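J.: Take a look at the following structure, please.
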Amino acid sequence: MKNLIKKMSLACIALAMLSCSDDDNNTPQQQTIAAIAAGNSDFSTLVTALNRTGLTATLDGNGQFTVFAPTNAAFQTFFSSLGSNVTVNNVDVNVLKNILLNHVVATEIKSTDIPAATYVSTLSPISTAANAPTISMFVQKSGATVTINGGVDSKGAVVSTADVDASNGVIHIVNRVIQIPTLVDHVVDNPEFDTLQTVVTSTGGAFGDQSAVLSALSGLTAASPATLFAPNNAAFTSLISELTTAGISPTGPQFSSVLQYHVVGGNVRSTALPSVVSGSSAGVVPTLNGQNITISLTGGAKITGTFSPARPASNIIATDIQGSNGVIHVLDKVLLPTL
């Protein structure tokens, strides 16, 4: 009897194990990002675009990605903005590829992991050069709403459906095609640059007419980029207090000089700063207004200007916000040239 009970117990255990094995085998395999897109009729334009640009294999393979996926309607709006007869089938394939890569981040980012505001790097390169820097994406979250690059009022988008899980990452469905931002677009999109935007876009009043400065920044190209050391809102608040205390009231042309003093030629990434500091110029760099700034890495990256009396250095508090025609580094203090 004991042997019979023992045999029955073993049989029950084996049956239970077999049942679990069958359950595992019946569990549906999670699909890749490319497969999910192919199975959704509202992504048919996206699928065509991926096939045309050779990116289907990337999003069907290994790795972990975050894809901000535009719907058919989003693509239609984008193509219409390029011309009445432009479609996914006839748009320049290189333009299409860069746009698609501007929607992809090479890591999985769930909506719950997005902070109030952050920058991430997309896979869209600024040029065809080997190891070219890639475009930055500004992501904001307020409550459950995720906004990309300033949303639909700018050149960005809003996430309409978040966290479509895939075997190789996650999809967030967006209501617009996310266009590649310029240096000026990045200033416009980030609320931390609201005061800088106000000054640069001024056409009169306290800041004077800065149309020429805005035109110069807007006219930058990928072939002729610039680096903007951008003061944040707090930096401008501090400057206004400083100037008021000193009894200084800059004129419009002087504000123009101050703005130009924050721009240097070339796409100078943070990785290039050490060579700038250790070079023959010892960190002295000419700016758009014709005067020099001095960059130092001692005790953290900082910049000093030529204003007299000497002011505390401006600290670089964020780096490498990459646009199509230049890069931004954020400052905690406005630089002042000799006025």
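For the sequence shown, the positions run -22 to -1, 1 to 317 when mature numbering (1 follows the signal peptide of the UniProt record, and there is no 0) is used.
Glycine is no exception: its CB is placed at the ideal position from the N, C-alpha and C atoms.
Predicted model only: the values in this text are computed from it and were never measured.
Starting from Asn293, follow its DSSP beta bridges and name the residues at the other end.
T.: Lys280
J.: I'd like the list of long-range same chain contacts for Phe57, defined as Cβ closer than 8 Å, with 5 residues on each side in sequence excluded.
T.: Val64, Thr65, Val66, Val69
J.: With DSSP run on the structure shown, which of helix, strand or coil describes Asp131?
T.: helix
J.: Please state whether DSSP places Asp187 in a helix, a strand or coil.
T.: strand
J.: Identify which residue in Ser114, Ser234, Leu275 has its Cα closest to the Cα of Asp187.
T.: When each option's Cα is compared against that of Asp187, the closest is Ser234.
J.: What did DSSP end up calling Ile104 once you bin it into helix, strand or coil?
T.: If DSSP states are grouped into helix, strand and coil, Ile104 belongs with coil.
J.: Is the beta carbon of Asp167 closer than 7 Å to that of Gly128?
T.: Taking the C-beta atoms as reference points, Asp167 is found nearer than 7 Å to Gly128.
J.: Using 10 angstroms around the beta-carbon of Leu198, count the other beta-carbons present and answer buried if the total reaches 16, otherwise exposed.
T.: buried
J.: Which residues in the same chain as Ile149 place their Cβ atom closer than 7 Å to its Cβ, once the five residues preceding and following it in sequence are excluded?
T.: Ile11, Ile14, Val45, Ala47, Val142
J.: Look at the alpha carbon of Ser286 and the alpha carbon of Ile113, and state the distance between them as a whole number of angstroms.
T.: Going by C-alpha positions, Ser286 is about 38 Å away from Ile113.
J.: Identify the continuous alpha helix (DSSP H) that holds Asn211 and give its terminal residues.
T.: 211 to 224
J.: Does the distance from the CB of Asn267 to the CB of Tyr239 come in under 7 Å?
T.: yes
J.: Consult DSSP for Val164 and reduce its assignment to one of helix, strand or coil.
T.: In the sequence on display, residue 164 carries His and not Val. His164: helix per DSSP, three-state reduction.
J.: Please classify Val73: is it buried, with 16 or more other beta-carbons within 10 angstroms of its beta-carbon, or exposed?
T.: exposed
J.: Between His307 and Ile295, what straight-line distance do the alpha-carbon atoms span, to the nearest angstrom?
T.: 8 Å
J.: The alpha helix (DSSP H) that contains Asn29, what's its start and end?
T.: 22 to 31
J.: Count the C-beta pairs between the stretch 249 to 257 and the stretch 265 to 282 that are closer than 8 Å, then say yes if the count reaches three, no if not.
T.: yes
J.: In this structure, does DSSP put Gly244 in helix, strand or coil?
T.: In the three-state reduction of the DSSP assignment, Gly244 falls in the coil class, being assigned neither a helical nor a strand state.
J.: Helix, strand or coil: how does DSSP classify Val254 here?
T.: helix
J.: Just checking my contact of Val155 with Ile104 at CB under 8 Å: how many whole Å lie between their CB atoms?
T.: The Cβ separation is near 19 Å, so there is no contact.
J.: For Pro111, list the residues DSSP reports as bridge partners.
T.: DSSP output for Pro111 lists no bridge partner at all.
J.: Which residue from Arg30, Ala94, Val152, Thr34 puts its Cα closest to that of Pro169?
T.: Per the Cα distances, Ala94.
J.: Using only CA atoms, which one of Asn109, Val236, Gln118 lies nearest to Asp91?
T.: The residue from Asn109, Val236, Gln118 with its alpha-carbon nearest to that of Asp91 is Gln118.
J.: Distance, Cα to Cα, Val236 vs Ile151?
T.: 42 Å
J.: Just list the residues that DSSP pairs His81 with in beta bridges.
T.: The partner list for His81 (beta bridge, DSSP) is empty, contrary to what the question assumes.
J.: Going by the DSSP bridge assignment, what does Leu206 pair with across the sheet?
T.: Val241, Ile306
J.: Drop a sphere of 10 angstroms on the beta-carbon of Leu251, count the other beta-carbons inside from all chains shown, and report buried for 16 or more, exposed for fewer.
T.: buried
J.: Would you mind stating whether Ala208 and Asn303 have Cβ atoms separated by less than 7 Å?
T.: no
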